[in-house]
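The opening position of the sequence shown corresponds to residue 4 in our numbering, with each subsequent residue numbered one higher.
Here a beta-carbon is modelled for each residue, glycine too, at the ideal position from N, C-alpha and C.
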Amino acid sequence: MPVPWQQLLDWWFGQGTTAREISAEKHVLWFGYRNAQDAQARERFGALCEQALRGELDDAWTASPEGWLALILLLDQLPRMIHRGTPQAFAGDARAQQLVRQGLAHGGDVLLAPIQRVFIYLVLEHAEDLAQQELAVAHFEQLREIAAADEQLLFDDFLDYARRHRAVIARFGRFPHRNATLGRESSEAERAFLTEPGSRF
């Protein structure tokens, strides 16, 4: 009997066998905004996402590294697609961060492939907390060190984004591009920053 998270992992990571192949196939899904992708996420995994946000999946899913990864996707990545542009997009962040910290404490991340580990560490990169940002950068540095020679540029890019996210949190203590969605007033410095290219990731 297939495990309940396999369809999600197959959709998210595709059929490639190397990090380069997987990223080439899925980069737009991961980092590009498409209405059709958001609709597919909502149609295929919306119910699971809502169960995860209500805390109904934790015990069964965290018993294996793959289930843990899938649950983290449901809490961190899927809400950003399903609830894009609303505060609910970030509703799973705190729980995802907690699950990542628990998994890292017993080495659960190293049981996953490096390209899968990217989405564990992205949870830390999404945190509006400098300590978690520092941890994200450290883990992406480790991934860069173990990457195959022909995949180092890919993991260089992931590391670069982690460092850029850390710099924003070090400067502002939060992500200014979330302010409008979360009903937060932007400071003058944040408003100026948001006019810069790449400020919204």
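Does residue 80 pass the burial test, meaning 16 or more other C-beta atoms within 10 Å, or should it be called exposed?
In the sequence shown, residue 80 corresponds to position 77, counting from 1. Buried, since its Cβ has 16 or more Cβ neighbours within 10 Å.
Through-space distance from residue 152 to residue 100, alpha-carbon basis:
Numbered from 1 along the sequence shown, position 97 holds the residue referred to as residue 100. Numbered from 1 along the sequence shown, position 149 holds the residue referred to as residue 152. Each residue's Cα considered, the two are about 31 Å apart.
Is it buried or exposed for residue 199, if we count other Cβ within 10 angstroms and need 16 for buried?
Locating residue 199 in the sequence shown gives position 196, where the first residue counts as 1. Residue 199 should be labelled exposed.
Starting from residue 141, trace the alpha helix (DSSP H) in both directions and tell me its first and last residue.
Translated into the one-based positions of the sequence shown, residue 141 becomes position 138. Residue 141 -> alpha helix (DSSP H) spans 133-149.
Contact set for residue 28: own chain, Cβ-Cβ below 6 Å, skip 5 residues either direction
Working through the sequence shown from its first residue, we reach residue 28 at position 25. Same-chain partners within the cutoff: 17, 19.
Hey, how far is the Cα of residue 125 from the Cα of residue 55?
To locate residue 125, count along the sequence shown from 1; it is residue 122. To locate residue 55, count along the sequence shown from 1; it is residue 52. Roughly 18 Å between the two C-alpha positions.
Reference residue 157, options 35, 201, 142, 23, closest by Cα:
If you number the sequence shown from 1, residue 157 lands on position 154. Nearest of 35, 201, 142, 23 to residue 157, Cα basis: 23.
Over the uninterrupted alpha helix (DSSP H) stretch that includes residue 88, give me the two end residues.
Locating residue 88 in the sequence shown gives position 85, where the first residue counts as 1. Per DSSP, residue 88 belongs to no alpha helix (DSSP H) and is neither H nor E.
In this structure, how does DSSP classify residue 184 when only helix, strand and coil are distinguished?
The count along the sequence shown starts at 1 and reaches residue 184 at position 181. The answer is helix: DSSP assigns residue 184 an H, G or I state.
Am I right that residue 169 and residue 144 are in contact with their C-beta atoms under 8 Å? What's the rounded C-beta distance?
Residue mapping note: residue 169 aligns to position 166 of the sequence shown, counting from 1. Residue mapping note: residue 144 aligns to position 141 of the sequence shown, counting from 1. About 11 Å; that fails the 8 Å criterion.
Out of curiosity, what's the CA-to-CA distance linking residue 183 and residue 61?
Working through the sequence shown from its first residue, we reach residue 183 at position 180. Working through the sequence shown from its first residue, we reach residue 61 at position 58. Residue 183 and residue 61: Cα-Cα distance of roughly 31 Å.
What first and last residue would you give for the alpha helix (DSSP H) that runs through residue 16?
Residue numbering aside, residue 16 sits at position 13 when the sequence shown is read from its first letter. Run containing residue 16: 9-16, per the alpha helix (DSSP H) assignment.
Tell me whether the beta-carbon of residue 70 lies closer than 8 Å to the beta-carbon of residue 6.
Position 67 of the sequence shown, counting from 1, holds the residue named residue 70. Position 3 of the sequence shown, counting from 1, holds the residue named residue 6. Yes.
Buried or exposed: residue 163, going by 16 or more other Cβ atoms within 10 Å of its Cβ?
Start at 1 with the first residue of the sequence shown, and residue 163 comes out as number 160. By the neighbour-count rule (16 or more Cβ atoms within 10 Å), residue 163 is not buried but exposed.
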